[in-house]
Structures are given as structure tokens and as C-alpha cells.
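In the numbering used here, the protein residues as written are 1 to 109.
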Amino acid sequence: MTVDCIFCKIINKQIPATIVAESESIIVFKDIAPQASIHYLIIPKKHIRDIQSLAPADYTIAADIIFMAQQLSQSLPEPQDFRLKISSGATAGQEVFHIHFHFLAGKRL
Ligand code: 5GP
Ligand code: ZN
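Pasting the structure below:
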């Protein structure tokens with residue numbers, strides 16, 4: 001938990017979000033301002049600022065995110081296609097500094 005991190009507050013249920021899936025290391029919730037008919041955020045429960053800050057010990061978290069995306073895709077109607085998008089760092093457009101992958105799906109993106 002990092003004070004003043006909005007996503008840590010969602011993890012700790014201090015602010016509401018529509019949770020879509022959860023595992024030991026990962027939580028998935030709906031983006032508050034969706035850019036596609038399905039727009040989820042996949043985040044690690046551990047507070048990590050960005051990809052640049054990942055440590056070797058976070059290796060399994062990175063893999064868990066990809067496999068969570070695969071699991072989410074299995075709940076989609078055919079075709080089970082999706083886009084996984086991340087901005088890492090302010091100049092790349094990151095606005096919330098807790099790693100999050102955008103999971104986008106639905107009608108042709
Ligand atoms: P970024 O621009 O950092 O890649 O994406 C941040 C995303 O977080 C945006 O798509 C934004 O809509 C979403 N977001 C920001 N605050 C909240 C919030 O309080 N709840 C939820 N569910 N999504 C949020
Ligand atoms: Zn955080």
C-alpha cells in the first residue's frame with residue numbers, strides 16, 4: 001500500500017471499483033472512463049510504479065498479468081481478441097503511477 005495511490009486504495013477497497021477478476025497477485029477492474037466496449041485495468045496488488053521499476057523478483061507478477069489477460073479473453077464472445085496496452089512513464093502518457101495494463105476488447109478496435 002502506498003499512501004495517495006488511487007489504485008492501492010481500490011485494492012484495499014477504500015474506494016469503489018467494479019472488480020472483474022482477482023488472484024493472489026493481480027486484480028482487474030473496469031476503467032472509469034472506458035475507451036472500448038470492454039475496458040479493464042489489470043494491475044498487480046503490489047505497488048510498482050512502472051515497468052522501469054520492475055525488479056527481478058517481480059518476474060512472476062509480469063507473467064501473472066499476461067496469463068490473467070488470457071483468462072479474461074476466455075470470457076469474451078468470439079472472437080476472443082483483445083488489445084493489451086501500457087504507458088510506462090509520464091512522457092509516455094502514464095497518469096496513474098501504479099503499473100496497469102489496459103485490456104481493451106469488443107467491437108473492432
Ligand atoms: P494511464 O493514462 O495512466 O495509462 O491510465 C489511467 C487509467 O486509469 C485511465 O484510463 C483512467 O480512466 C483510469 N482511472 C483513473 N482513476 C480511476 C479510478 O478512480 N477508478 C477507475 N476504475 N479507473 C480510473
Ligand atoms: Zn499503488
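From the three backbone atoms N, C-alpha and C, an ideal C-beta is built for every residue, glycine too.
- Task: Ignoring anything shorter than 3 residues or poking outside the stretch 61-108, list the beta strand (DSSP E) runs there in chain order.
- Result: 83-85, 101-105
- Query: Would a C-beta distance cut-off of 8 Å place S25 and P44 closer than the cut-off?
  - Reply: Within the sequence shown, the letter at position 25 stands for residue 25. Within the sequence shown, the letter at position 44 stands for residue 44. For S25 and P44, yes; Cβs fall inside 8 Å.
- Presumed contact (8 Å Cβ cut-off) between H102 and H39, rounded CB distance: The residue given as residue 102 occupies position 102 in the sequence shown. The residue given as residue 39 occupies position 39 in the sequence shown. Yes, H102 and H39 are in contact; Cβ-Cβ is about 7 Å, under 8 Å.
- Query: What's the gap between the Cα of F67 and the Cα of I61?
  - Reply: For the purposes of this step, residue 67 is taken as the residue at position 67 of the sequence shown. For the purposes of this step, residue 61 is taken as the residue at position 61 of the sequence shown. When rounded, the distance between both Cα atoms is 10 Å.
- When every heavy atom of the ligand 5GP is checked, does at least one fall within less than 7 Å of the C-beta of H100? Looking up residue 100 in the sequence shown gives position 100. Checking the Cβ of H100 against the ligand 5GP gives yes.
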